[in-house]
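Numbering (this note's numbering) for the sequence shown: 17 to 139.
Glycine included, each C-beta is placed from N, C-alpha and C at the ideal position.
Data first, discussion second: the structure below is written as structure tokens.
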Amino acid sequence: MNGSELASTTASKPKSQEDPVGNGHGEKEPNPFAEYMWMENEEDFNRQVEEELQEQEFLDRCFQEMLEEEEQDWFIPARDLPPQQRPGNGREREREQQEQEQDILSKSNLNPDAKEFVPGVKY
């Protein structure tokens, strides 16, 4: 057989299902390199991953800023009130009020035995 006859016989042969495909595997067999096919577009993959990471970082920063702004807007007595006005337990407050009243009374020049003032009433 010469080259032209050989070419015509191989071209006329129908491919059977058992003949290997170009990669050396049958058509029905899964590609053994399928899990590595993403590497074909590695630059696109890297770009996509970087975009996702940047987006997550941006969202984290925005969320943190939102929490800081919200914290500034909230009224927190322990932080925002002067120490003498901060709420304590009930007994402590009562004791402080009594001490303040005693201080006021001790410094007062008013007559404690005087009648109570009622507007519009003449004595």
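Contact set for residue i: own chain, Cβ-Cβ below 7 angstroms, skip 5 residues either direction
i             : result
leucine 126   : none
glutamate 117 : none
glutamate 45  : none
arginine 111  : none
Which of helix, strand or coil DSSP assigns to residue i
i              : result
asparagine 127 : coil
tyrosine 52    : helix
proline 99     : helix
proline 93     : helix
glutamate 45   : coil
glutamate 132  : coil
serine 32      : Residue confidence is low: serine 32 scores 47 on pLDDT, short of 50, so the model does not pin down where it sits. No coordinate-derived value is stated.
First and last residue of the uninterrupted alpha helix (DSSP H) at residue i
i            : result
glutamate 87 : 58-89
Residues near residue i by beta carbon distance below 6 angstroms, same chain, minus five either side
i             : result
tryptophan 54 : Phe61
Cutoff 8 angstroms; reference residue i; Cβ partners in own chain excluding five residues on either side
i           : result
proline 119 : The sequence as given places aspartate at residue 119; proline does not occur at that position. Excluding sequence neighbours, aspartate 119 sits near nothing in its chain.
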